[in-house]
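Asker:
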């Protein structure tokens, strides 16, 4: 399927896009795939073809981003890092906000039970965080992106991810791949200012946490402590993204599932050091653990033991709970941010990224609930858990609201105003498929890292490079793992 040259959109040519000849499309897609392979950007095929390396879903061209709105959310990330950390350490606020959801959701209840058994103020913590946004048109109407009307756009927060944040590895290299495509098409390179790449930020964050552990606690003699990467017990098709961060950290590491750890774990009775397979663990880095299906009953005991240890956790259960949707909804209520952020300018900038969010278990939400039932295309209903997916749109939203309205189960859902992003034309390049022309919308992820012990902040930084995920505009639920979204890079205009 061919896409005509977008001559009617001069902003595209600013990035050097040129695809006059339709027969050149297949060759251009091959350049993209070859450049990705040469850069180490790949996914593993599913068993029994796990040794087959596939190009991940990608867009053929970068995505246009308006400079000023983008700069505003980049500048916010270190404040978001601090905000999430402070929430995690305000026990009364966190427990009172989540107790309703915990009463009906065993997963939230289990996490909260662990949280109440650990001293979060006496732990070294690492947060590898990603704040996701979509560009919103102020008038709420969806139309093509127009570079001449940047003042009409603002970024609105989709969610803050605290657990198992993905794609920091793969996304860091997509810009170079797109530059090869533009070079092939005689376009100009998409230059960016000097930036902390997301891969360096996350790998460096793990290394700083490891060094903080060594400084804080004397280590056992013999072999050095390890980075313990907690992974799920099955096949991982996106292993490359995980390995890139692991290798960037330059730390001695072992990868184990909850089940494997549970068979070989103990706490040193003298000092609460975490010992796994007779190796001292300095940092626990979770790449699983954000969904109920990822835990057995025994795994919860393993998680509790790791949380009670001296090892740095990424994230701690406290940080994980701070990223729930219920917490996002509570922070959007008037006056709540003031408890955690004193700077009025920062509070105002954060608030400007919020869309309307409501607790559907509350009587004061009845009017907006009825409006959502009458206008379901203007809202999304989200479950409390972090991790993405499982959202309800349109008719599903109506059905779910009617199902839970007036029941305790309503405490586990957030009604959110739907963000209306502008559209852009692009090609979606999927493994083993021809490039597909599509009208797309995109989501921007800003990476952050924080190392702290209680109120003492040891490191707080944000990346200046961003994750871009694109999907066809008619797809409601995105998702890189499901194949509904493609990774991309940015062209700031």
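In the UniProt record's numbering, the protein residues as written are 1 to 493. For glycine and all other residues, C-beta sits at the position ideal for the given N, C-alpha and C. Because the structure is a prediction, the values reported are computed rather than measured.
1) I think residue 486 touches residue 470, with their Cβ atoms under 8 Å apart; what is that distance to the nearest whole Å?
2) Going by other Cβ atoms of all chains shown within 10 Å of its Cβ, with 16 needed for buried, is residue 139 buried or exposed?
3) For residue 428 and residue 434, which I take to be in contact (beta-carbon distance under 8 Å), what is that distance rounded to the nearest angstrom?
4) State the start and end residues of the unbroken alpha helix (DSSP H) segment that holds residue 209.
5) Three-state secondary structure (DSSP) at residue 377?
6) Going by beta carbon distance, what residues of the same chain come within less than 6 Å of residue 284, once the five residues before and after it are set aside?
7) In whole angstroms, give me the CA-to-CA distance for residue 383 and residue 68.
8) Entirely within the segment 376-436 and at least 4 residues each: give me those alpha helix (DSSP H) ranges in chain order.
9) Return yes when the Cβ of residue 61 is within less than 8 Å of the Cβ of residue 426, no when it is not.
10) Give me the Cα-Cα distance between residue 155 and residue 74, rounded to the nearest whole angstrom.
11) Pop quiz: residue 208 and residue 446 are said to be a contact at Cβ under 8 Å. What is the actual Cβ separation, rounded to whole angstroms?
12) Select from 78, 59, 132 and 257 the residue whose C-alpha is nearest the C-alpha of residue 461.
13) Kindly confirm or deny that the segment 294-309 and the segment 269-280 touch, where touching means at least three C-beta pairs closer than 8 Å.
14) How close, in whole Å, do the beta carbons of residue 321 and residue 98 come, if the pair is a contact with beta carbons under 8 Å?
15) When DSSP labels each residue in this structure, what does residue 251 get in the three-state scheme?
16) Closest to residue 178 by CA distance: which of 37, 297 and 118 is it?
17) Can residue 84 and residue 162 be called in contact, C-beta distance under 8 Å?
18) DSSP on residue 141, reduced to helix/strand/coil?
19) Over the uninterrupted beta strand (DSSP E) stretch that includes residue 464, give me the two end residues.
20) Pull up the DSSP beta-bridge partners for residue 447, would you.
21) Could you pull out every residue in the same chain whose Cβ sits closer than 6 Å to the Cβ of residue 476, ignoring the five residues on either side in sequence?
22) Where does residue 193 land, buried or exposed, given buried means 16+ other C-beta within 10 angstroms?
23) Decide yes or no for the touch test of the segment 230-242 against the segment 282-299: beta carbon pairs closer than 8 Å, at least 3 of them.
24) In the segment 280-349, which residue ranges form an unbroken alpha helix (DSSP H) of at least 4 residues, counting only runs that do not cross its ends?
25) In whole angstroms, give me the CA-to-CA distance for residue 473 and residue 100.
26) Does DSSP put residue 259 in a helix, in a strand, or in coil?
27) Over what stretch of residues does the beta strand (DSSP E) that includes residue 359 continue unbroken?
28) Measuring alpha carbon to alpha carbon, tell me which residue in 489, 453, 488 and 464 is nearest residue 580.
29) Bridge partners of residue 157, per DSSP?
30) Could you tell me the boundaries of the beta strand (DSSP E) in which residue 64 lies?
31) What do you reckon, are the CB atoms on residue 145 and residue 395 nearer than 8 Å?
Answerer: The short version:
1) Contact holds; Cβ gap of about 5 Å.
2) Residue 139 counts as exposed, since fewer than 16 other beta carbons sit within 10 angstroms of its beta carbon.
3) The Cβ separation is near 10 Å, so there is no contact.
4) Counting along the chain, the unbroken alpha helix (DSSP H) around residue 209 starts and ends at 198-216.
5) In the structure shown, residue 377 sits in a helix (DSSP, three-state: H, G or I).
6) Excluding its 5 nearest sequence neighbours in each direction, residue 284 has C-beta neighbours in its own chain below 6 Å: 228, 306, 311 and 313, listed in chain order.
7) Cα to Cα, the separation comes out at about 32 Å.
8) Within the segment 376-436, the complete alpha helix (DSSP H) runs of at least 4 residues fall at 394-404.
9) Contact: yes.
10) If you take the alpha carbons of residue 155 and residue 74, they lie about 11 Å apart.
11) That belief does not hold up - the Cβ atoms of residue 208 and residue 446 are roughly 19 Å apart, past 8 Å.
12) Ranking 78, 59, 132 and 257 by Cα distance to residue 461 puts 78 first.
13) Result yes; three or more Cβ-Cβ pairs closer than 8 Å.
14) Correct: roughly 6 Å between the Cβ atoms.
15) Correct three-state label for residue 251: coil.
16) Of 37, 297 and 118, the residue nearest in Cα terms is 37.
17) Result yes, Cβ atoms of residue 84 and residue 162 sit closer than 8 Å.
18) Per DSSP, reduced to three states, the secondary structure at residue 141 is coil, with no helix or strand assignment.
19) 456-472 is the span of the beta strand (DSSP E), which, as asked, contains residue 464.
20) Partner(s): 130.
21) 393.
22) Because the pLDDT of residue 193 is 48, which lies under 50, any placement of that residue in the model is unreliable, and the number read from its coordinates should be weighed accordingly. Under this definition residue 193 is an exposed residue.
23) Because the criterion of three Cβ pairs below 8 Å is met, the segment 230-242 and the segment 282-299 touch.
24) Here the runs fully enclosed are 297-308, 317-322 and 325-331.
25) Distance between the alpha carbons of residue 473 and residue 100: 35 Å.
26) Judged by DSSP in its simplified three-state form, residue 259 adopts helix.
27) It spans 357-359 - the beta strand (DSSP E) in which residue 359 sits, taken as one unbroken run.
28) It is not possible to answer for residue 580, since the shown part of the chain is limited to 1 through 493.
29) According to DSSP, residue 157 bridges with 133.
30) Per DSSP, residue 64 is one residue of the beta strand (DSSP E) stretching across 63-65.
31) Contact flag unset, no.
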